[in-house]
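In the numbering used here, each residue carries its 1-based index in the sequence shown increased by 1.
To start, the structure under review is shown below, and the notes come after it.
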Amino acid sequence: MNFSNSVRALRNSTLLPITLCLLAACDKRSDKDNGTVKSPSDAVASINYSVVATHPHDVTSFTEGLQVYGGDLYESSGAPDDLPQTSSVAGIVDLTEGVIHKKVILDKHRYFAEGITFLNNKLFLLTYQTKVGFVYDARTFKQLREFNFPSAEGWGMTTDGTHLIMSDGTNRLTYLDSASLKPVKTINVSDNKGPVANLNELEYINGFIYANVYTTHYIVKIDPSGKVVGRIDLTSLVQDARSKNSHALELNGIALDPATGNVYVTGKLWPNIYAIKFRY
Numbered sequence: 002m003n004f005s006n007s008v009r010a011l012r013n014s015t016l017l018p019i020t021l022c023l024l025a026a027c028d029k030r031s032d033k034d035n036g037t038v039k040s041p042s043d044a045v046a047s048i049n050y051s052v053v054a055t056h057p058h059d060v061t062s063f064t065e066g067l068q069v070y071g072g073d074l075y076e077s078s079g080a081p082d083d084l085p086q087t088s089s090v091a092g093i094v095d096l097t098e099g100v101i102h103k104k105v106i107l108d109k110h111r112y113f114a115e116g117i118t119f120l121n122n123k124l125f126l127l128t129y130q131t132k133v134g135f136v137y138d139a140r141t142f143k144q145l146r147e148f149n150f151p152s153a154e155g156w157g158m159t160t161d162g163t164h165l166i167m168s169d170g171t172n173r174l175t176y177l178d179s180a181s182l183k184p185v186k187t188i189n190v191s192d193n194k195g196p197v198a199n200l201n202e203l204e205y206i207n208g209f210i211y212a213n214v215y216t217t218h219y220i221v222k223i224d225p226s227g228k229v230v231g232r233i234d235l236t237s238l239v240q241d242a243r244s245k246n247s248h249a250l251e252l253n254g255i256a257l258d259p260a261t262g263n264v265y266v267t268g269k270l271w272p273n274i275y276a277i278k279f280r281y
């Protein structure tokens with residue numbers, strides 16, 4: 002090997018590890034754009050948030066649905082047999098006292114109230130294992146009709162402004178026609194590790210569906226294809242709730258307040274509703 006070839010070989014052998022090192026550094030760099038942090042070991046971005054307000058919440062409310070409509074915060078509550086203090090209801094939350102001013106009362110021995118949403122001046126309410134939903138006038142709360150859905154269970158509900166979207170405790174979301182209340186499509190939700198089951202309460206924000214994942218401390222952000230593209234870890238709020246009420250159960254409830262941009266979150270038998278802010 003002549004001298005010039007030796008120099009060229011030395012240059013190439015030096016540049017190769019430098020190049021590889023730079024590429025590795027790029028791979029390890031955190032993506033902090035738009036208030037998210039992404040690590041190479043987890044392709045789902047972590048969404049940062051801040052608590053901007055704390056409100057009282059009825060500790061007898063077994064929260065199933067949460068929704069802001071007409072400037073008021075609405076909540077639905079189920080009634081497990083082993084919690085006799087609970088009711089199967091939906092109504093307006095008084096944020097100064099935390100109580101629900103009941104607008105819809107179901108027979109708790111027949112129906113377990115689940116998720117709620119509003120669309121076209123109507124309140125839609127799911128029930129748990131009876132495969133029945135109810136429709137009410139959003140102003141008078143007079144029952145307009147009931148409907149059946151194909152899923153074995155009803156869990157959370159939201160709307161994209163055209164369809165109703167419901168969860169059933171699996172990784173499947175079902176879109177219902179708002180007039181016929183018949184299913185028009187389903188999407189299966191997954192992250193980089195596979196299907197994400199136990200999808201519970203839902204909220205539609207800026208083209209994405211945010212969902213509580215039952216028995217976890219997470220809210221996941223789901224794109225229109227069903228891919229989880231973000232995750233909010235609310236462990237600190239769960240711990241705070243349980244420090245104030247030892248009977249507090251799972252995180253459940255997501256409601257965007259369009260007037261402020263804040264998002265209300267709470268849980269079953271929690272003593273507080275938290276208003277949080279994050280980048281959608």
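Glycine included, every Cβ here is placed at the ideal spot set by N, Cα and C.
Distance between residue j and residue i (C-alpha atoms, nearest Å)
| i | j | result |
| --- | --- | --- |
| residue 122 | residue 108 | 24 Å |
| residue 214 | residue 90 | 22 Å |
| residue 126 | residue 95 | 20 Å |
| residue 171 | residue 102 | 31 Å |
| residue 134 | residue 179 | 12 Å |
| residue 147 | residue 271 | 30 Å |
| residue 55 | residue 175 | 33 Å |
| residue 131 | residue 263 | 34 Å |
| residue 64 | residue 50 | 22 Å |
| residue 114 | residue 194 | 32 Å |
| residue 181 | residue 173 | 20 Å |
| residue 281 | residue 265 | 14 Å |
| residue 111 | residue 84 | 15 Å |
| residue 279 | residue 186 | 30 Å |
| residue 239 | residue 221 | 16 Å |
| residue 105 | residue 97 | 21 Å |
Distance CB(residue i)-CB(residue j) smaller than 8 Å
| i | j | result |
| --- | --- | --- |
| residue 60 | residue 253 | no |
| residue 276 | residue 45 | no |
| residue 77 | residue 117 | yes |
| residue 256 | residue 86 | no |
| residue 191 | residue 228 | yes |
| residue 139 | residue 219 | no |
| residue 92 | residue 58 | no |
| residue 124 | residue 142 | yes |
| residue 258 | residue 205 | no |
Reduced DSSP secondary structure (H/G/I, E/B, other) of residue i
| i | result |
| --- | --- |
| residue 237 | helix |
| residue 245 | helix |
| residue 269 | coil |
| residue 144 | strand |
| residue 65 | strand |
| residue 279 | coil |
| residue 227 | coil |
Limits of the unbroken beta strand (DSSP E) element including residue i
| i | result |
| --- | --- |
| residue 151 | Unbroken run through residue 151: none, as it is neither H nor E. |
| residue 92 | 90-94 |
| residue 187 | 184-189 |
| residue 83 | Run containing residue 83: none; DSSP gives neither H nor E here. |
| residue 164 | 164-168 |
Below-8 Å beta-carbon distance, residue i vs any chain B residue
| i | result |
| --- | --- |
| residue 95 | Included in the structure is just one protein chain, with no chain B present. |
Is the stretch 193-201 touching the stretch 156-172 in the sense that three or more CB pairs, one from each, lie closer than 8 Å? With a cut-off of 8 Å on Cβ pairs, the stretch 156-172 is in contact with the stretch 193-201, counting three or more such pairs.
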